[in-house]
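With UniProt numbering applied, the sequence shown corresponds to residues 1 to 495, in that order.
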Amino acid sequence: MITHFACPRSVGAIIDGCTTAPADAGTLEVRYPGNGEVVSTLVESGADEVDRAARAARASFAQGPWRRKSVEQRGEILGRISDIILENAEELAWLECMNAGLPMARIRHTQIARAAWNFRFFAEVASQSVGQAINQDPRYLTTVLREPVGVAALISPWNAPVALSSMKVAAAIAFGNSCVLKPSELTPLAVHRLVELIHEAGVPEGVVNLVNGRGHVTGSALVAHEDVDLVSFTGGTQTGRLIAAEAGRRLIPTTMELGGKSANVIFADADQDLALDGALAGIFSNNGQQCLAGSRILVEASILDAFVARFRERAAAIRVGDPMDPATEVGPVISREHRDRVLGFADGAKGGEVIVGGHALDIDGGYFMAPTAVLADNDSPVAREEIFGPFATIIPFRDEAHAIALANASRFGLAGYVWTSDVGKALRCSRDIRTGVVWINTPMARELRAPFGGFKDSGIGRESGPDCLAFYTEPKTTTLALDPVAPPTFGKGTN
């Protein structure tokens, strides 16, 4: 049974621990994708409010109530955040469902659980980070310690708001930084509640600040702010280019996890039942709206007809509907405009054959569409562009070399999937497919201890325990003379 909660009438910023909503601020409608109705109002943060948030983060970092705590003290509070997230899991899942349209059954047991784990995980990573002592020259002792960078701008997307926002915040504050978080203007509800819970757990005011608004209004002001020392962004490639340009102008580091058009390669020698399950999960999970989706399904020609027939049958049987219904497998996409864009690819497949779906579904006025697949070649728009919805492109290949060539014929390079019973073939594909991650005989097994990120247009930098330690901290070298060392004697005439 699902417990129903109340959506806040409006969602503003949280700065220095206090919710703010300036009377002269612009507002945006927040809609439930399941029926298109307005469920809340977003108060957009303009340049002045972004300035307040960034200055609050800077002040908290300079004054040090958080960064000067011991690793154990910070870890205790991060553990408390994790516990509070789990205690409020039903509410967070309900808000996430109301805002993003993700199926409740999946949110509760995956994304909210992952959000809680993110804080415990990064507390553990921080507790295990140690300095270095160097004494190769017996006259000196040199130490290398890592210090927090300062103020992090954290920009998260709408497709997994709490899971991705929590990962960014946990990684930033575990190492002693302060931050300003900007979620998508489409999905502010659960993230706002998450930041409230972070403060309830005992994080000092000003350490985690929240601003809301569109990218060109709020996001651009945040990235350009002089008090921001680094930027972590997850979102679209074009927006990533703009952020990278501004970060380059300001000479601040950035990590970006961007778009994808991942190949899901299915060989004839694979376990076909498992591969079919993996292909369906790889494209239709999260309502098809995920950067690492296996959206290009490459199928060996000898099994193409059988695979297409089974894929069509299974995709047509997917339960699409109310995301609050525990039986629902695929919910609505994020907005009417996005649905129109996704379905536009079916209309413009240009020689491709729509084998299933390709049309909107009339369910309660929501933004629903039928799970869709198109049989096409790798040069078609449906194979080149990131569609970001429940929309697969199935492409035949001749042999291993052809499969690898097709997989690499993309401007993206985030993830790859390989299904085969031949270990050598699997490892050759992993070696030769140009992506940051390759999953073999499994869909989307995310390991936080391993780097995650993409090649080419899929991003810059990586996210993992060690990678976040490197990104959110800076090394400081200190050299101490163990014995008196005579420097050159300038001005004495004895040099």
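We put the beta carbon where it would ideally sit given N, CA and C, even for glycine.
Note that this is a predicted model, so its numbers are computed, not measured.
Exercise for the section: Tell me whether Thr328 is buried or exposed, calling it buried when 16 or more other Cβ atoms sit within 10 Å of its Cβ. Expected result: buried
Practice task
Please check the pair Asp364 and Asn35, which I expect to be a contact at CB under 8 Å, by giving their CB distance rounded to whole angstroms.
Solution key: 5 Å
Exercise for the section: Would you please state the rounded distance, in angstroms, between the beta carbons of Val180 and Ala53? I believe it to be under 8 Å. Expected result: 5 Å
Problem - Element boundaries [alpha helix (DSSP H), containing Pro475] - result: For Pro475, there is no enclosing alpha helix (DSSP H); the residue is part of the beta strand (DSSP E) that begins and ends at Thr473 to Ala481.
Handout entry: CB-CB length for Val374 against Glu353, believed under 8 Å
Key = 7 Å
Handout entry: Among Asn177, Asn212, Val11 and Gln289, nearest to Phe122 - alpha-carbon criterion
Key = Put simply, of Asn177, Asn212, Val11 and Gln289 the residue whose alpha carbon is nearest the alpha carbon of Phe122 is Asn177.
Exercise for the section: Check whether the Cβ atoms of Asn212 and Ser45 lie closer than 8 Å to each other. Expected result: yes
Exercise for the section: Inspect the beta-carbon positions of Gln73 and Asn159 and report whether they are closer than 8 Å. Expected result: The answer is no: Cβ separation not under 8 Å.
Problem - Three-state class that DSSP yields for Ala426 in the structure shown - result: helix
Exercise for the section: Compare the C-alpha of Lys476 against each of Ala133, Gly79, Ser220 and His4 and name the closest. Expected result: Ala133
Exercise for the section: Apply the 10 Å Cβ neighbour rule to Ser70 and answer buried if 16 or more other Cβ atoms are within range, or exposed otherwise. Expected result: exposed
Problem - Euclidean distance between Cα positions of Pro157 and Pro188 - result: Cα-Cα distance, rounded: 10 Å.
Handout entry: Residue of Ala293, Asn88 and Ala270 minimising C-alpha distance to Phe388
Key = Ala293
Exercise for the section: Evaluate contact between the segment 228–240 and the segment 191–206, counting only Cβ atoms and requiring at least three cross-stretch pairs below 8 Å. Expected result: no
Exercise for the section: Could you spell out the range, first to last residue, of the alpha helix (DSSP H) harbouring Cys18? Expected result: Premise fails: Cys18 lies in the beta strand (DSSP E), Cys18 to Thr20, not in any alpha helix (DSSP H).
Handout entry: Distance, Glu49 Cα to Val38 Cα
Key = 25 Å
Exercise for the section: Give me the Cα-Cα distance between Tyr417 and Val169, rounded to the nearest whole angstrom. Expected result: 29 Å
Exercise for the section: Out of Phe307, Ala376 and Arg146, state which residue places its alpha-carbon closest to the alpha-carbon of Ile395. Expected result: Ala376
Practice task
Name the two residues that bound the continuous alpha helix (DSSP H) containing Gln73.
Solution key: Val71 to Glu87
Exercise for the section: Kindly list the residues whose CB is nearer than 7 Å to the CB of Leu482, restricted to its own chain and excluding five residues on each side of it in sequence; keep chain order. Expected result: Arg139, Tyr140 and Leu141
Practice task
Would you check if there are 3 or more beta carbon pairs closer than 8 Å linking the segment 123–130 to the segment 302–315?
Solution key: With a cut-off of 8 Å, the segment 302–315 and the segment 123–130 do not count as touching, because too few Cβ pairs lie within range.
Exercise for the section: Flag this pair as touching only if the segment 336–351 and the segment 298–305 have three or more C-beta atom pairs under 8 Å; answer yes or no. Expected result: By the Cβ test, the segment 336–351 is not in contact with the segment 298–305, since fewer than three Cβ pairs between them sit closer than 8 Å.
Handout entry: Nearest-angstrom Cα separation, counted from Pro466 out to Phe119
Key = 15 Å
Problem - Residue interval of the alpha helix (DSSP H) (run including Val356) - result: Run containing Val356: none in the alpha helix (DSSP H); it sits in the beta strand (DSSP E), Glu353 to Val356.
Handout entry: Reduced DSSP category for Val207 - H, G, I as helix; E, B as strand; rest coil
Key = coil
Practice task
State yes or no: is the C-beta of Ala56 within less than 8 Å of the C-beta of Ile15?
Solution key: yes
Handout entry: Where the alpha helix (DSSP H) through Gly344 begins and ends
Key = Arg336 to Asp347
Handout entry: Outcome for Lys182 when other beta-carbon atoms lying within 10 angstroms are tallied against a minimum of 16
Key = Lys182 comes out buried.
Exercise for the section: To the nearest angstrom, report how far apart His402 and Trp419 are at their CA atoms. Expected result: 15 Å
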